[in-house]
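A short write-up of the structure that comes next.
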Amino acid sequence: MTGARTQLDAKVLTVTLDRPARKNSLTFELYRELTDLFTALQTDASVKAVVLTGTGADFCSGGDVHEIIGPLTRSSPQQLLEFTQMTGDLVKAMRSCPQPIVAAVDGICAGAGAILAMASDLRLGTERSRVAFLFVRVGLAGCDMGACTMLPRIVGLGRASELLYTGRALPGTEARDWGFYNELCSPDALSERALELARTIAQGPSVAHAMTKQMLRDEWALPLDEAIDAEARAQALCMETNDFRRAYEAFVAKRPPQFEGS
90 MTGARTQLDA
100 KVLTVTLDRP
110 ARKNSLTFEL
120 YRELTDLFTA
130 LQTDASVKAV
140 VLTGTGADFC
150 SGGDVHEIIG
160 PLTRSSPQQL
170 LEFTQMTGDL
180 VKAMRSCPQP
190 IVAAVDGICA
200 GAGAILAMAS
210 DLRLGTERSR
220 VAFLFVRVGL
230 AGCDMGACTM
240 LPRIVGLGRA
250 SELLYTGRAL
260 PGTEARDWGF
270 YNELCSPDAL
280 SERALELART
290 IAQGPSVAHA
300 MTKQMLRDEW
310 ALPLDEAIDA
320 EARAQALCME
330 TNDFRRAYEA
340 FVAKRPPQFE
350 GS
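Its first residue numbered 90, the sequence shown is counted upward by one per residue in our numbering.
Shown next, in the form of structure tokens:
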């Protein structure tokens, strides 16, 4: 990939943004390649969980100022719409792939980088990290790549409004206290902790995990009664899997279950 590298180990795919000299900023090409990668994961049974991180001391500083922002100021209205739709396709692909995504965030996590962290299923951070939805700082709205829908569900409407209206940076400890991060790690321990969490997920029932991720997404727009009915149908499907039977047999035999994703 251009600007990123991948590594598959023990059913965990690590995706590392790899432009440290530019704080792992995104280019047009990298947007497309990441979208293609997460889209391909929809049919990749060899991957059970994903870690998304950045090389060096930063996660991602957002769209590259010279390679994206500059050209956008000279683009036609149709080209601008095609770009914003393309960036949204990346979030759609991340939310649609069945594998849970763990974001390991250190240093700068700004603009579209903050969106990548937001679009992940779980987020680990460091005290020195800084999360900023910077769109207002460049004269743009906070409604970017699903932020107005997803961010309030993570940190609450009032806090999301503050971040999107001001563009201020959210320090690591505050991000954890607000619920943006699941936990904080030291910078030295961040990568290993993210891998440990992803491996734990990968060892679980992947069909059931995929169903959980799908229902967390699908139920956003459902009234409670419809959501309960949808969950009943989803859980009944999970009860048809061999992993459900394996878990029962392991319980009876007083041993840990070995899930196989079927």
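Note that the Cβ used here is the ideal one computed from N, Cα and C, for glycine as well.
Between residue i and residue j, is the Cβ-Cβ spacing less than 9 Å?
| i | j | result |
| --- | --- | --- |
| Thr330 | Ala297 | yes |
| Thr142 | Ala230 | no |
| Gly214 | Leu253 | no |
| Ala299 | Asp307 | no |
| Thr103 | Val139 | yes |
| Thr105 | Ser185 | no |
| Leu207 | Ala236 | It is worth fixing the name first, because residue 207 is Met in this sequence and not Leu. A contact, by the Cβ cut-off of 9 Å. |
| Gly159 | Met234 | no |
Report buried or exposed for residue i, applying the criterion of at least 16 other Cβ atoms within 10 angstroms of its Cβ.
| i | result |
| --- | --- |
| Cys232 | exposed |
| Val244 | buried |
| Met328 | exposed |
| Leu313 | exposed |
| Ile190 | buried |
| Tyr337 | exposed |
| Asp332 | buried |
| Gly247 | exposed |
| Phe340 | exposed |
| Ser218 | buried |
Return the Cβ separation of residue i and residue j in integer angstroms, given the expectation that the two are a contact with Cβ distance under 8 Å.
| i | j | result |
| --- | --- | --- |
| Pro109 | Gly145 | 4 Å |
| Arg116 | Gly151 | For the sequence presented, residue 116 should be read as Thr rather than Arg. The pair is not a contact, with the Cβ atoms about 11 Å apart (cut-off 8 Å). |
| Asn271 | Leu205 | Not quite, the Cβ-Cβ distance comes to about 16 Å (not below 8 Å), so this is no contact. |
| Leu179 | Thr124 | 5 Å |
| Leu259 | Phe269 | 7 Å |
Out of the options, which has the shortest C-alpha to C-alpha gap to residue i?
| i | options | result |
| --- | --- | --- |
| Asp222 | Glu251, Trp267, Arg322 and Leu169 | The sequence given here has Phe at residue 222, not Asp. Cα-wise, what sits closest to Phe222 is Glu251. |
| Lys137 | Ala203, Gly177, Pro294 and Ala201 | Pro294 |
| Lys112 | Phe340, Phe148, Ala134 and Ser280 | Phe148 |
| Gln324 | Lys302, Ala339, Val341 and Gln167 | Lys302 |
| Val220 | Arg163, Glu285 and Asp195 | Asp195 |
| Leu326 | Val227, Ser351 and Trp267 | Ser351 |
| Asp439 | Glu216, Arg257, Arg226 and Ala99 | For residue 439 there is no data in the structure shown, the boundaries of the chain being 90 and 351. |
| Lys100 | Ala287, Arg334 and Ile317 | Ala287 |
Helix, strand or coil: which one does DSSP assign to residue i?
| i | result |
| --- | --- |
| Cys149 | strand |
| Asp107 | coil |
| Gly261 | helix |
| Val140 | strand |
| Leu97 | strand |
| Cys274 | coil |
| Ala230 | coil |
| Val180 | helix |
| Leu311 | coil |
| Gly92 | coil |
| Val244 | helix |
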